[in-house]
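This report refers to the structure that appears directly beneath it.
Numbering (the working numbering), first residue to last: 1 to 454.
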């Protein structure tokens, strides 16, 4: 299958008519489109290469836009855009008057909700699913969230509420072990332990045990699905429950996210249950493009690059982020109280230079801006000088912590704000235009805005 054939498919409905072999060919073609387009326009490459099969499977099992697909952060929704009528405009990705690099409901009815910040999808999908239930609709709300975004506290607030909802909610965990850099914290270890867990029941028993729990329709569906040729590698964990089951979800997985047949089968099981279901899918960030597989962090968000070598087009001027990071590392050599804190944005904010020299004073707290500010306040209360490097747009999430935990305590901490002002290609969800009005409302805050690297 080539791009011409892809253009002839009635998207997304026509995807259901393809054979599995045709789907595999389609995935190769989509990856080529992704690599070619991002090499010219820049964008989020590695994340999108990792979810091609998963996205195709979602659209083959569910019926968008009647079923609502909610992408967490949304940077990994490129394949979704290709499969929902935007192939002919995909070359305009992240360009002026082109299609957005993130989901936008005013761009397509298939983009169920605006996104750009992390950890929101479960709460959004939970609300959508509840509204469907109130309107007596039998459709599903599907949240697709990465394990990086899963470190954000809002994801747990959503899970806590969703598990008791009895609605048609499906949460798909896209587990690749990365956010932008390697995931950190106890949760990352927990998910990795499940990812590598052995001792899963075979497909027939898994389907039987899960679907027989489903009232009224459970046993008939079980007979149909377990009689089919299945590629599910394992669907129910032997022995103890996962934390997701303890929260009220049915848990399915982990399943190989690059085996489209396996992913489709497990999604069909989840679809048939009509209750909150957590589907654990293992993927490889950067799948299909060797440079991105080897260095997924570098290819998370990348400027234009040469496909043959993988080398990005290098700016003649160093970025603010890199200059900030180098200077902070230099100052840390003279002040052993100085600490650097990031919310999973070590490379994006230039802190890799600090981390390389002063590992013991570098703290990556995961995608948790609220925690990061309060964590810095705690460090400062003990005489340390914490510097929290964060994108302007993401700092909005921590306003209460800035007021209550930092300003009221009068602690000495520094917030290094990156991507302030207009940011261009990433669009409205990432514009850094609220930092100054937000911070000038907080007593005791001093704002410096450097005009250059000196």
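Heads up, the beta-carbon is just placed ideally off N, CA and C, and yes, glycines get one too.
None of the values given here were measured: they were computed from a predicted structure.
Mind checking who residue i pairs with in its DSSP beta bridge?
i	result
residue 246	DSSP lists no partner for residue 246.
residue 126	DSSP lists no partner for residue 126.
residue 251	278
residue 333	Partner(s): none; residue 333 has no beta bridge.
residue 68	141
residue 175	282
residue 146	174
residue 388	341 and 415
residue 312	305
residue 256	282
residue 43	302
residue 364	342
Does residue i pass the burial test, meaning 16 or more other C-beta atoms within 10 Å, or should it be called exposed?
i	result
residue 461	Since the first residue shown for the chain is 1 and the last is 454, residue 461 is missing from the structure and cannot be characterised.
residue 440	exposed
residue 318	exposed
residue 446	exposed
residue 106	exposed
residue 148	buried
residue 217	For residue 217, the predicted model reports a pLDDT of 48, less than 50, meaning its position is unreliable; a value from the coordinates is still stated below. Residue 217 is exposed by the Cβ-count criterion.
residue 137	exposed
residue 342	buried
In three-state DSSP terms, what is residue i?
i	result
residue 343	coil
residue 280	strand
residue 436	helix
residue 303	coil
residue 395	helix
residue 328	helix
residue 454	coil
residue 262	helix
residue 338	strand
residue 170	strand
residue 62	coil
residue 320	helix
residue 417	strand
residue 111	coil
residue 462	Residue 462 lies beyond the stretch modelled for the chain, which goes from 1 to 454, so this question has no answer here.
residue 12	coil
residue 291	helix
residue 153	helix
residue 354	helix
Between the options, which lies nearest to residue i when the distance is taken from Cα to Cα?
i	options	result
residue 281	172, 132 and 408	172
residue 66	241, 108 and 38	108
residue 324	113, 388, 406 and 102	388
residue 435	283, 358, 402 and 411	402
residue 165	279, 249, 262 and 412	249
residue 56	16, 274, 75 and 453	16
residue 451	421, 431, 430 and 444	421
residue 41	62, 306, 442 and 327	306
residue 288	264, 396, 416 and 32	32
Determine, for residue i, whether the minimum Cβ-Cβ distance to residues of chain D falls below 8 Å.
i	result
residue 390	Checking the listed chains, one finds no chain D in this structure; it contains a single protein chain.
**Asked** Would the stretch 78 to 87 and the stretch 6 to 13 be scored as touching if the rule is three or more Cβ pairs under 8 Å?
**Response** Contact holds: three or more Cβ-Cβ distances are below 8 Å.
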